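Asks: Here our numbering runs 148 ahead of the position in the sequence shown, where the first position is 1.
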Amino acid sequence: MSELEELYQEVIMEHNRRPRNFRELKDSNRSAEGFNPFCGDAITVSLKLEGERITDMGFQGSGCAISRASASLMTETVKGKSTEETQRIFDAFHAMITRDDTTELESDDEVLGDLEALAGVSEFPTRVKCATLSWHALQAALKGQEETAKTE
Ligand code: ZN
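1. Quick one: does the C-beta of ILE245 sit closer than 7 Å to a heavy atom of the ligand ZN?
2. Along the chain, where does the beta strand (DSSP E) containing LEU197 start, and where does it finish?
3. Measure the Cβ-Cβ separation of ILE202 and GLY228 and say whether it is below 8 Å.
4. Over what stretch of residues does the beta strand (DSSP E) that includes SER210 continue unbroken?
5. Give me the residue from PHE170, ARG171, THR192 with the minimum Cα distance to ALA180.
6. Quick check on the DSSP output: the beta strand (DSSP E) that includes ARG178 runs from which residue to which?
7. At a cut-off of 7 Å, would you count SER215 as near the ligand ZN, judging by its Cβ distance to the nearest heavy atom?
8. Leaving out five residues on either side along the sequence, give the residues of the same chain with a beta carbon under 8 Å from the beta carbon of ASN208.
9. If we ignore side chains and look at the alpha-carbon of each, how far apart do MET244 and MET205 end up?
10. Can you determine whether any heavy atom of the ligand ZN sits closer than 7 Å to the C-beta of ASP175, and answer yes or no?
11. Out of GLU151, MET161, GLU154, which has the shortest C-alpha to C-alpha gap to SER215?
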């Protein structure tokens with residue numbers, strides 16, 4: 149394992165142990181649930197949308213280390229961003245996590261930030277659903293959909 153991979157592991161473990169924004173958001177105006185039947189992860193993402201900006205965010209639920217760490221990193225990254233910026237971050241994250249070994253990651257540090265800690269997940273296809281679950285829930289919440297977001 150390279151030094152960089154070890155560092156990423158540490159970030160994931162740390163976010164799993166002490167997830168950020170892991171709380172009920174009392175004054176949220178959007179929320180959506182995500183369920184990943186392949187792993188059993190169930191995560192609800194709540195946010196406060198003011199105009200085009202996500203001013204606050206929280207998540208709840210249970211899941212594996214990857215799904216929790218990903219949700220935690222997501223809330224940290226997206227909180228305070230506009231919906232447009234959020235979409236750009238999601239696109240970059242999705243590209244990073246679903247790439248195959250033959251494509252070079254066009255790393256955009258400024259967009260991804262700590263989310264790059266999850267880059268290694270792309271080597272484990274079954275784990276990709278865990279890592280993207282909270283993002284699908286976020287997208288559903290932004291669209292104002294009430295039904296449970298699926299990982300498909
Ligand atoms: Zn999982």
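The beta carbon of each residue, even a glycine, is placed where N, CA and C say it ideally should be.
For clarity, every value in this text was computed on a predicted model and none was experimentally measured.
Replies: On the basis of the data shown:
1. Residue numbering aside, residue 245 sits at position 97 when the sequence shown is read from its first letter. No, the Cβ of ILE245 stays beyond 7 Å of every heavy atom of the ligand ZN.
2. One-based indexing of the sequence shown puts residue 197 at position 49. Note, LEU197: beta strand (DSSP E), 189-198.
3. Here residue 202 is taken as the residue at index 54 of the sequence shown, counted from 1. Here residue 228 is taken as the residue at index 80 of the sequence shown, counted from 1. In this structure, ILE202 lies near GLY228, with their beta-carbon atoms less than 8 Å apart.
4. Within the sequence shown, the letter at position 62 stands for residue 210. Per DSSP, the unbroken beta strand (DSSP E) holding SER210 starts and ends at 201-210.
5. The residue you call residue 180 lines up with position 32 of the sequence shown. Per the Cα distances, THR192.
6. Along the sequence shown, read from residue 1 onward, the residue named residue 178 stands at position 30. Looking at the DSSP string, the run of the beta strand (DSSP E) that includes ARG178 is 178-184.
7. Locating residue 215 in the sequence shown gives position 67, counting from the first residue. Yes, Cβ of SER215 sits closer than 7 Å to a heavy atom of the ligand ZN.
8. Mapped onto the sequence shown, residue 208 falls at position 60. In the sequence as presented, Asn is not what sits at residue 208; that position holds Gln. So the qualifying residues of the chain are PHE170, ARG171, GLU172, ILE191, THR192, SER194.
9. Taking the sequence shown and counting its residues from 1, the one referred to as residue 244 is at position 96. Taking the sequence shown and counting its residues from 1, the one referred to as residue 205 is at position 57. In a straight line, the C-alpha of MET244 is about 23 Å away from that of MET205.
10. Counting from one through the sequence shown, the residue named residue 175 turns up at place 27. Checking every heavy atom of the ligand ZN against the Cβ of ASP175, none is found closer than 7 Å.
11. Walking along the sequence shown from the start, residue 215 turns up at place 67. Checking every option, the nearest Cα to that of SER215 belongs to MET161.
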